[in-house]
Structures are given as C-alpha cells and as structure tokens.
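Undergrad: By the working numbering, the letter at position 177 of the sequence shown is numbered 1149, and the numbering carries on one by one without gaps. Glycine included, each C-beta is placed from N, C-alpha and C at the ideal position. I have a structure I would like to understand better, so I am pasting it below and will then ask my questions one at a time.
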Amino acid sequence: MELRLGVNIDHVATLREARKGREPDPLYAAHIAELAGADQITIHLREDRRHIQDRDLRILRETVFTKLNLEMGLVPSIIKIALDVKPDTVTLVPERRREITTEGGLNVAARKRPIANAIKRFHARRIKVSLFIDPDPEHIEASSDAGAEIVELHTGAYANAGSDRAVKRELDRLRKGAELAAGRGLVVVAGHGLNYHNIGPIVEIPQIEEVNIGHSIISRAVFTGLETAVRDMKNLLVR
Ligand code: PXP
C-alpha cells in the first residue's frame, strides 16, 4: 500500500515572483511532478498573491491530470474564485498576511458556523473540503460536525520537535488524532514540514492516506531535478 503524494509547487512560484518575471513557471513543475508520480498538485492562492497567481490557478485547473488541491484562507474574495474555478479539493487553512508560512491549524472548534457555511457552498459545487487542523480531538470532532470529508493533520509540531521525547509526544498526538478522525469517517491526510528524513514514522500511521509536501521536495529539486525529487519521495511512501 502506498500513500498518495500531493506536491505543493508554491515555492516554484515564489522563485518566479522574486523577479516578477515568467520563470520558473509552476505549470511546468506541475507537469513534471505528475510525470514523476505525484497524485495531486497542491497550491495556495494567498490573499497577498505572494507566490501563486490567479493565472496559475486557472491554467492548472485545465492542465492538471491528477487532482488539484487549492489551499486557501476563509476569505470571501478567494472563496468566490474557488467556487468559480472548481478545484477537486479545497483545503481551508488559517492565513495571516505577515506569516512566513501557514502557522498552526484552523481553529474549527471556535469557527464552526462560518466554516460549515463555506463547506455547504463548496459541496453545492461538488468540491471536496479538507480542513487543515492540529491533531486535537476538539478540532477533529468540530471538523466532522461542520461537514468536512477530509482533515489534514498539521505535522509542523512533529517536524520541529527538538528532542526525542518531543518527537515521541507529537507522533502519539498524530497517531491518536488519525485514529479518532478515521473513526469519525474522515479521510486522513498529513502535511507541513515533512521531508525525506522525518517521513518514515508518518508512513507507518495506518489511517493516513495522503501527504502534502512542498518545501523539502522543491529544495531537493534544486540539486537533483524535480523528477528525481518527486520519485525519491514516492519511494518512501510505501507502507
Ligand atoms: N499542507 C498545508 C495545508 C500547507 O499549508 C502547507 C504549506 O503551504 C503544506 C502542506 C506543505 O508544507 P511544506 O512546504 O512544509 O512541505
């Protein structure tokens, strides 16, 4: 059994935006990642458009062969775009303008009603909804109550754990979270901070069906090329 791999190509767009030019084009990255075995292309259309642009989303919707997963904040203007473009999945994430990357999971327990309302609108357009949450019971249960069919468990605390004890604690949290979520009938996905060195124990959590990985794959691709970087990760996802 193999976990599905979503490749997040935002960082290719970050490099392009460093010069506000045309290269490197994330569309090529999506194509190569798919040829190398990616099961999904993941992008985050941020309100500040710091990397992925509306044009990228539009064209990727037409060209991605596998699945297109759009990460987004719960912002009316972005919701409107998503309902119009119809990615296969939207992953709702907390978004703050000044953050370097997504910090922490969505506080579903505190924002259940607006999240449930947004989920209804996506479902009416046959778009699946994933909620990016910390692996805690209150958010898992709230995600299920709100009507999401997928939860992406935030692996950042595990990836950043500074001692063996902290790694063990965070893995326990993820294992229990995955079990609870699957028991609630949710599809369980994981992501954030995963790399070639820390992916092993995540693959061993039986309920996790998919991972979304960006930074480590694109970083490795600088040296090995993207095709090799994606294949190397795919080879680590065999359970
Ligand atoms: N999953 C979600 C929901 C994210 O927001 C991100 C970062 O954009 C990722 C996965 C990928 O994280 P990383 O770039 O650390 O692999």
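Between H1126 and D1108, what straight-line distance do the alpha-carbon atoms span, to the nearest angstrom?
TA: In the sequence shown, counting from the first residue as 1, residue 1126 sits at position 154. In the sequence shown, counting from the first residue as 1, residue 1108 sits at position 136. Rounded to the nearest angstrom, the two C-alpha atoms are 10 angstroms apart.
Undergrad: Three or more beta-carbon pairs under 8 angstroms between the stretch 1113 to 1129 and the stretch 1076 to 1094, yes or no?
TA: Flag = yes, the stretch 1113 to 1129 and the stretch 1076 to 1094 touch.
Undergrad: Would you mind working out which of Q1012, V1065, F1195 sits nearest T1038, comparing C-alpha positions?
TA: Counting from one through the sequence shown, the residue named residue 1038 turns up at place 66. Residue Q1012 is the option with its Cα nearest to T1038.
Undergrad: Quick one: does the C-beta of N1079 sit closer than 7 angstroms to a heavy atom of ligand 1?
TA: Residue 1079 sits at position 107 when you count from the first residue of the sequence shown. No - ligand 1 has no heavy atom lying nearer than 7 angstroms to the Cβ of N1079.
Undergrad: Measure the C-alpha to C-alpha separation of I981 and I1190 and round it to an integer number of angstroms.
TA: Position 9 of the sequence shown, counted from the start, is the residue given in the question as residue 981. Position 218 of the sequence shown, counted from the start, is the residue given in the question as residue 1190. Their backbone Cα atoms lie some 7 angstroms apart in a straight line.
Undergrad: Counting only beta-carbon separations shorter than 8 angstroms, does R994 have a partner in chain B?
TA: Absent from the structure: chain B. Only one protein chain is present.
Undergrad: N1132: beta carbon under 7 angstroms from a heavy atom of ligand 1?
TA: Translated into positions along the sequence shown, residue 1132 becomes position 160. No.
Undergrad: Could you have a look at E1006 and say whether DSSP puts it in helix, strand or coil?
TA: Position 34 of the sequence shown, counting from 1, holds the residue named residue 1006. Helix.
Undergrad: Can you tell me which of the three DSSP states R976 falls into?
TA: Counting from 1 along the sequence shown, the entry for residue 976 is found at position 4. Reduced to three states, the DSSP call for R976 is strand.
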